[in-house]
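Numbering (this note's numbering), first residue to last: 83 to 513. Just so you know, even glycine gets a beta-carbon here, dropped at the ideal spot from N, CA and C. Quick caveat, the model's predicted, so the values are computed rather than measured.
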Amino acid sequence: MSGTTLPGDPPGGRRAVAMWSIGVSVYFVAVIFRTSLGVAGLDAVERFHVGASALSTFSILQLLVYAGMQIPVGLLVDRLGTKKVLSLGAVLFTLGQLGFAFSPSYGMALASRALLGCGDALTFISVLRLGTRWFPVRRGPLVAQLAGLVGMAGNLVSTLVIARLLHGIGWTAAFAGSALAGAVVLVLTLLFLKDHPEGHESAPSAHQGAVYVRRQIAAAWREPGTRLGMWVHFTTQFPAMVFLLLWGLPFLVQAQGLSRATAGELLTLVVLSNMVIGLVYGQVVARHHAARLPLALGTVAATALMWAVTLAYPAEHAPMWLLAALCVVLGACGPASMLGFDFARPANPPERQGTASGITNMGGFVASMTTLFAVGVLLDATGDDYTVAFSAVFVLQALGVSQILRLRGRAARRERERLVASRVETVHVPA
83 MSGTTLPGDP PGGRRAVAMW SIGVSVYFVA VIFRTSLGVA GLDAVERFHV GASALSTFSI
143 LQLLVYAGMQ IPVGLLVDRL GTKKVLSLGA VLFTLGQLGF AFSPSYGMAL ASRALLGCGD
203 ALTFISVLRL GTRWFPVRRG PLVAQLAGLV GMAGNLVSTL VIARLLHGIG WTAAFAGSAL
263 AGAVVLVLTL LFLKDHPEGH ESAPSAHQGA VYVRRQIAAA WREPGTRLGM WVHFTTQFPA
323 MVFLLLWGLP FLVQAQGLSR ATAGELLTLV VLSNMVIGLV YGQVVARHHA ARLPLALGTV
383 AATALMWAVT LAYPAEHAPM WLLAALCVVL GACGPASMLG FDFARPANPP ERQGTASGIT
443 NMGGFVASMT TLFAVGVLLD ATGDDYTVAF SAVFVLQALG VSQILRLRGR AARRERERLV
503 ASRVETVHVP A
């Protein structure tokens, strides 16, 4: 089974790896820029003289732009191809990082993060599309998990490199210097990236303008697998995203009494755990497709349990072993969120993959944005009571799980129908 290919499957191989590596390098840099605020949150408070709610607005606006653009980005990728969209993304997030470096005021810094979020939004869906265009279908789950792993490597660069640069050379030099990476990946994309192998061009679309947009979105949304993928992504991604993107460092330093260095090590542990678990999840799902839902729900349950134990710990500060265990479990959230794409991918034909992936990817970022806002508001309202503030996690998890359980049966039946139909078509393909 693992050695078979479907008619029209891309060949894969070394050239596919090379093309995918260029595309995923753009995503890698985008994640560095996206998560750089996570290690600079306390510095931003001092630089711009803002409170918790205003600080959370940085990430909320960035994610609002990101989430709002996912469906348009999916449509753009389906229409224009990966190279053009990734190139535009690299231009925008590089300008956003530069603007953030030199922002003299909170308002200008806010606008820069919005621009960065706009460029960041163009990257991940493009990389997923690139993977489906260059690799055989059977490699889809592993390629998607590897993309997530590369993204977490970008997060690792933020926690290890950007944090040290901030305290070594200062705000402006650290953010402006990191922006050079954006220029490098832009040049690589423009010079070398190809959208697809020779002979695997997509059929030109007969639909134009608003009619095309409505049909693409409606057709993708009608598939239960697309909606299930969105809710899996919604429910699994946000606990780690909120922790790494903004509130993890303040929680560990202010609520748990750790030094910034120790807190940074725990954030690094989340990233390392994510990378290891991502490889495991990718291999498991590639071999056992039915493991997708148990892995996703198991991750949600483990995350809820660890947060409950940590927040309810009777002493003033949770012990280090418990905080480390929490960070290891949070590391599973990213790989679990990638499983959402494994529900949406088989539910949609190739010409709709970008749109379906955009809908799916929107889920986790809407949840992250909502939680970032809720935590900031609750911290200001309760005088920095992190136990109350982080309880917002449980509310969104409960909502997401209820939707997953509602959709799982319909999605499974529809996926079986599509599988049978594809096998029938394969049988009738002439030799």
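**Report entry** Own chain residues within Cβ distance below 6 Å of residue 268, not counting five before or after
**Finding:** 172
Query raised in the report: Contact check, residue 149 vs residue 447 under 8 Å by CB: the rounded distance?
Result: 4 Å
Report task. Compute the distance between the beta-carbons of residue 353 and residue 430, then report whether it is under 8 Å. Result -> no
Report task. Helix, strand or coil for residue 100, going by three-state DSSP, please let me know. Result -> The DSSP-derived three-state label of residue 100 is helix.
Query - Assigned exposure category for residue 202 - 16 Cβ within 10 Å defines buried - result: buried
Report task. Using alpha carbons as the reference points, say which of 163, 346, 189 lies closest to residue 582. Result -> Nothing about residue 582 can be reported from this structure: the residues present for the chain run from 83 to 513 only.
**Report entry** Cα-Cα separation, residue 247 to residue 355
**Finding:** Going by the C-alpha atoms only, they are around 24 Å apart.
Query raised in the report: Of all the options 250, 270, 132, which has the alpha carbon lying nearest to the alpha carbon of residue 166?
Result: 270
**Report entry** Cβ pair count under 8 Å reaching 3, the segment 436-455 against the segment 311-330
**Finding:** yes
Query raised in the report: Between residue 106 and the rest of its own chain, which residues show a CB-CB distance below 7 Å, the 5 nearest in sequence each way excluded?
Result: 209, 229, 232
Report task. Step through the CB atoms of chain C and report whether any lies within less than 8 Å of the CB of residue 166. Result -> Absent here is chain C; the protein component of the structure consists of one chain.
Query raised in the report: Are the Cβ atoms of residue 327 and residue 120 separated by less than 8 Å?
Result: yes
**Report entry** C-beta contact flag for residue 205 and residue 108 at 8 Å
**Finding:** yes
Query raised in the report: Residues in its own chain within less than 8 Å of residue 276 by CB, not counting five upstream and five downstream?
Result: For residue 276, where only same-chain residues beyond five positions count, the Cβ hits under 8 Å are 101, 165.
Requested in this report: Check the C-beta distance from residue 412 over to residue 385 and give it rounded, since I have them as a contact under 8 Å.
Outcome: Contact holds; Cβ gap of about 7 Å.
Requested in this report: Could you tell me whether the Cβ atoms of residue 111 and residue 436 are closer together than 8 Å?
Outcome: no
Query raised in the report: Among 365, 455, 309, which has the Cα closest to the Cα of residue 484?
Result: 309
**Report entry** residue 95 versus 114, 360, 157, 278, residue with shortest Cα-Cα distance
**Finding:** 278
Query raised in the report: By a C-beta neighbour count over all protein chains shown, 10 Å radius and 16 as the cutoff for buried, is residue 398 buried or exposed?
Result: exposed
Requested in this report: Please classify residue 338: does DSSP put it in a helix, a strand, or coil?
Outcome: coil
Query raised in the report: alpha helix (DSSP H) containing residue 277: first to last residue?
Result: Unbroken run through residue 277: none, as it is neither H nor E.
Query raised in the report: Any idea what DSSP makes of residue 430, helix, strand or coil?
Result: Correct three-state label for residue 430: coil.
Query - With 16 other Cβ atoms within 10 Å as the buried cut-off, status of residue 44 - result: Shown here, the chain extends from 83 to 513; a query on residue 44 therefore has no answer.
Requested in this report: May I ask which residues mark the beginning and end of the alpha helix (DSSP H) holding residue 376?
Outcome: 374-393
**Report entry** Three CB pairs or more closer than 8 Å across the segment 453-462 and the segment 337-346
**Finding:** no
Report task. Answer yes or no: do residue 222 and residue 427 have a C-beta to C-beta separation smaller than 8 Å? Result -> Closer than 8 Å, so yes.
Query raised in the report: Run through DSSP, which three-state label would residue 500 get?
Result: helix
Report task. Give the secondary structure of residue 164 by DSSP, where H, G and I count as helix, E and B as strand, and everything else as coil. Result -> helix
Query raised in the report: Pick from 219, 470, 420: whose alpha carbon is nearest that of residue 361?
Result: The residue with the shortest Cα to Cα distance from residue 361 is 420.
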